[in-house]
Structure formats: C-alpha cells, structure tokens
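Going from the sequence shown to our numbering is simple: count from 1 and add 349.
One structure is given here, and the rest of the page talks about it.
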Amino acid sequence: MKGSSIANLWGKFNPGEAVTVFANKGMVAARRLPKQVTITVTKKVKDIRDAFTYFSIARNQLSTYWRAEWSAWAAMKYSAHLKEKHMVARWPWYMKQHAKEISSWSTAYMYCNMLAFSCGMSYPRNKPPLSGGPPPAPAVVILRYDEEKHKIIGEVLVFPLEKYDVDFCARLWMAGQYVTAIPQSIHKMFSLGPGPSKDMTKKVVLPFEFDRIRVAGTTFNMKDLKFKDMAYGSLFIYADCVTAYSHEHGPWASVFSNTTETHLPPRVDLDKMSAHTGGKMGKIIFLPGKKLTPAAMKIYNMIRKKVHKSNRRYRAKLKYVNLTKW
350 MKGSSIANLW
360 GKFNPGEAVT
370 VFANKGMVAA
380 RRLPKQVTIT
390 VTKKVKDIRD
400 AFTYFSIARN
410 QLSTYWRAEW
420 SAWAAMKYSA
430 HLKEKHMVAR
440 WPWYMKQHAK
450 EISSWSTAYM
460 YCNMLAFSCG
470 MSYPRNKPPL
480 SGGPPPAPAV
490 VILRYDEEKH
500 KIIGEVLVFP
510 LEKYDVDFCA
520 RLWMAGQYVT
530 AIPQSIHKMF
540 SLGPGPSKDM
550 TKKVVLPFEF
560 DRIRVAGTTF
570 NMKDLKFKDM
580 AYGSLFIYAD
590 CVTAYSHEHG
600 PWASVFSNTT
610 ETHLPPRVDL
620 DKMSAHTGGK
630 MGKIIFLPGK
640 KLTPAAMKIY
650 NMIRKKVHKS
660 NRRYRAKLKY
670 VNLTKW
C-alpha cells in the first residue's frame, strides 16, 4: 500500500501488525511481513544455487585489472539516464527486468555469468562485454491454438546474426493466469551461434509448439500443467536474445520483445460463477460438452481453495450502517 506519508497509511493495517516501510518512486509504501517463506527446491533451483556459489568463488579470484574493466562496463551500461528510465518505467507483472541497477563490478560480473549459465553458454566469463550495444529484440508471432491437440503453435522472428555473434541464444518466456498468477519462466531456448547468418536479408524463423506451462511451486504442487487440464486461462508469451562477442566475454541481453496474449477456450461459465456468493466459493458451471477429467478437476478445486483461503485471510470485514443525517 502506498501513501504520501506514514500518516496516510494509518488504518490500513491491523494494530500491532509487523510491516516493512520503504520508499517507492517518491511515495511511502508499506508491506506485510510474511510469517514464513516457503521455497520449493526443484532441480532448477538447486542448479542455480550451485552456479551462484561457483561464480562467487571465481569472482573473488579476479585480478585488480579485470575488476576495473568490469567496473567501467557497469558504469557505461547503466548511466544516470538509464537509471532514471528504469525508475519511472511501468513493467507488467509477468515481465521481470533483466537487471535494475548494476552499480558495481561485482554485480556486473555475477549478472553476466548467471546469464551465460542460464543460456547454456560456457563459463566463467572473466571479460566484460564489449561496448557495442545489446542485440536487437526479436518478435513473437502466435499462429494459432490447436484445440484438438491442445497446443499453441507460433514463431519467433530473430534478426540475422552478425559476425560478432559468436555465442547467440534466443529465449522464449511464458507466464499465465489460471485462477491465480503463474510467474514467468523460460520455456525454450534456441542456440544459433556463431554468426553470420547465411541469408542476411531475411529474419531467422524459429517455430515452437507448447502443450503445457511451467507451474513449479507450492501453489500448484506440480512441475507442469497441461493446457487440456485447464478450465480456462490466459497465456503471455514473449522472447529476448542473448549474445556474446567471444567465449571469454560476458553475454548481453536484448530488451524484451512484444508480448502475445493467448486465451484458452473456456470450459466454464465465468460470468455466472463470478456472481455474488456471500464470501463462499461459487459453484462450478461447465459449458455444454466442456467438462474436465477427474484429475484436472482435482487440480482446479485445489487451486480455487488455496486462492479463496488466501483472499479471506487479508480481506477486511465489511460493516454496513444506516445513513444518518449529515
């Protein structure tokens, strides 16, 4: 919650409740402190932790010369102009910034090496990227949704690779909305290096097909959720490109591409289900011939109960009073 001062936040939290107060874009913001943070340790999370530990050790072994080189690159990349743009830019909830403020050589080194690790490139990268600018952003085109196969079919359009694109990777991101928000994750990567491309007059077309979305975490209690098991849903697909000038230089990511939103064919009547239910979960009303399988129905009910419980926990009690004279 935001306000112009701490006094404006009075009454928005319960007395004695622990909150965190911080500044956000010139305003005072407050956020409830979680009683417990639960992190699902998947194989991907474990690999990221191991890579972070490995790069931390390699960072401490850098010489003074290369620390100065990384520091100069960090100062060049995130100038005061770019910092100001990032402070005022409004990003959608499903699109996370590559980095906010790379203010030191240490942060820049870890950022580039973790980027190389996530793209399947060789590491460690002890040399900073050259000052040539990031690669151009790709474009995502959704061709259609196959209702029989329950697949999203589309293409990623990438500009032709140049001769300095030794390591090149295109990443396809996907986020979604199904009862609750599904965070963004990398669903597919295309390794295209080294350049240049054979035909420099045409864009590189990268086709893709998806029949599921990654939902790893404590909300869904599963790794992937198939589209055929979803009663409805919205999918947000976008991409970016990562390039490096050599196998020793750190990679550099482009800005994100356009976002393509796709809606899955609904199987329930959301208009009737969203009617006032007095604080209780509404009855599931299926469309004719659109019922879910027992396994998919179990997942749907589990998510609805979790979201309903979470909403009731932070929902304020309503008290209706008769209107008195002014």
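From the three backbone atoms N, C-alpha and C, an ideal C-beta is built for every residue, glycine too.
Handout entry: Sequence-distant residues of the same chain with beta carbon closer than 8 Å to Ser405, five excluded per side
Key = Same-chain partners within the cutoff: Met459.
Handout entry: Selected residue, minimal CA-CA separation from Ala379, among Leu411, Val370, Gln385
Key = Closest option to Ala379, Cα to Cα, is Val370.
Practice task
Check whether the Cβ atoms of Thr567 and Thr389 sit closer than 8 Å, and answer yes or no.
Solution key: In this structure, Thr567 places its C-beta atom within 8 Å of the C-beta atom of Thr389.
Practice task
Just the C-alpha distance for Tyr581 and Val617, rounded to the nearest angstrom, thanks.
Solution key: Annotation: Tyr581 to Val617 spans about 7 Å, alpha carbon to alpha carbon.
Problem - Complete beta strand (DSSP E) runs within the stretch 630-670 (minimum length 3 residues, chain order) - result: If we require 3 residues or more, the stretch 630-670 turns out to have no beta strand (DSSP E) run fully inside it.
Practice task
Alpha carbon to alpha carbon, how far is Asn570 from Lys655? Give it in angstroms, no decimals.
Solution key: Pairing Lys655 with Asn570, the inter-Cα distance amounts to about 11 Å.
Exercise for the section: Answer yes if the stretch 634-643 comes into contact with the stretch 481-488, meaning at least three C-beta pairs across the two stretches below 8 Å, and no otherwise. Expected result: They do not touch, by the three-pair rule.
Problem - Cutoff 8 Å; reference Ile652; Cβ partners in own chain excluding five residues on either side - result: Tyr527, Val528, Thr529, Thr568, Phe569, listed in sequence order.
Handout entry: According to DSSP, residues forming a beta bridge with Cys518
Key = DSSP lists Ser540, Val591 as partners of Cys518.
Handout entry: Straight-line Cα distance separating Val670 from Phe585
Key = So the alpha carbons of these two residues sit roughly 43 Å apart.
Exercise for the section: Could you pull out every residue in the same chain whose Cβ sits closer than 7 Å to the Cβ of Ser455, ignoring the five residues on either side in sequence? Expected result: Closer than 7 Å at the Cβ level, and outside the excluded window around Ser455, lie Arg408.
Handout entry: Continuous alpha helix (DSSP H) stretch holding Lys395: start and end
Key = Start and end: 392-409.
Exercise for the section: Take the Cβ of His598 as the centre, count every other Cβ of all protein chains shown within 10 Å, and call the residue buried at 16 or more, exposed below. Expected result: Looking at its Cβ environment, which holds 16 or more other Cβ atoms inside 10 Å, His598 is buried.
Problem - For Met622, the first and last residue of its enclosing alpha helix (DSSP H) - result: The continuous alpha helix (DSSP H) containing Met622 extends over residues 619-622.
Exercise for the section: Would you grab the beta carbon distance between Ala519 and Leu555 for me? Rounded to a whole angstrom, and I think it's under 8 Å. Expected result: Right, the Cβ-Cβ distance comes to about 6 Å (below 8 Å), so this counts as a contact.
Exercise for the section: Specify the secondary structure class of Arg616 as computed by DSSP and reduced to three states. Expected result: The answer is coil: DSSP assigns Arg616 none of H, G, I, E or B.
Handout entry: Residue range of the beta strand (DSSP E) that includes Lys575
Key = Note, Lys575: beta strand (DSSP E), 573-575.
Problem - Contact between the stretch 537-548 and the stretch 483-500 (3+ Cβ pairs under 8 Å) - result: Counting Cβ pairs under 8 Å, fewer than three are found: no touch.
Exercise for the section: Taking all protein chains shown into account, decide if Phe576 is buried (16 or more other Cβ within 10 angstroms of its Cβ) or exposed. Expected result: Buried is the call here.
Problem - Whole-angstrom distance between Asp573 and His499, CA atom to CA atom - result: His499 and Asp573 have their C-alpha atoms roughly 14 Å apart.
Practice task
Tell me, to the nearest whole angstrom, how far the beta carbon of Ser606 is from that of Ala486; I am working on the premise that it is less than 8 Å.
Solution key: Correct: roughly 5 Å between the Cβ atoms.
Handout entry: DSSP three-state assignment for Arg563, whether helix, strand or coil
Key = DSSP places Arg563 in strand when its eight states are reduced to three.
Practice task
Please check the pair Met470 and Phe401, which I expect to be a contact at CB under 8 Å, by giving their CB distance rounded to whole angstroms.
Solution key: The C-beta separation of Met470 from Phe401 comes to about 16 Å, leaving the pair out of contact by the 8 Å criterion.
Handout entry: Coarse secondary structure for Arg474, derived from DSSP in three states
Key = In the three-state reduction of the DSSP assignment, Arg474 falls in the coil class, being assigned neither a helical nor a strand state.
Practice task
Give a yes or no on whether the minimum CB-CB distance between Pro615 and chain C is below 8 Å.
Solution key: Here chain C cannot be found, since the structure has a single protein chain.
Practice task
To the nearest angstrom, report how far apart Tyr403 and Glu418 are at their CA atoms.
Solution key: Rounded to whole angstroms, Tyr403 and Glu418 show a C-alpha spacing of 21 Å.
Practice task
Please classify Ser603: is it buried, with 16 or more other beta-carbons within 10 angstroms of its beta-carbon, or exposed?
Solution key: By the neighbour-count criterion, in which a residue is buried when 16 or more other Cβ atoms sit within 10 angstroms of its Cβ, Ser603 is buried.
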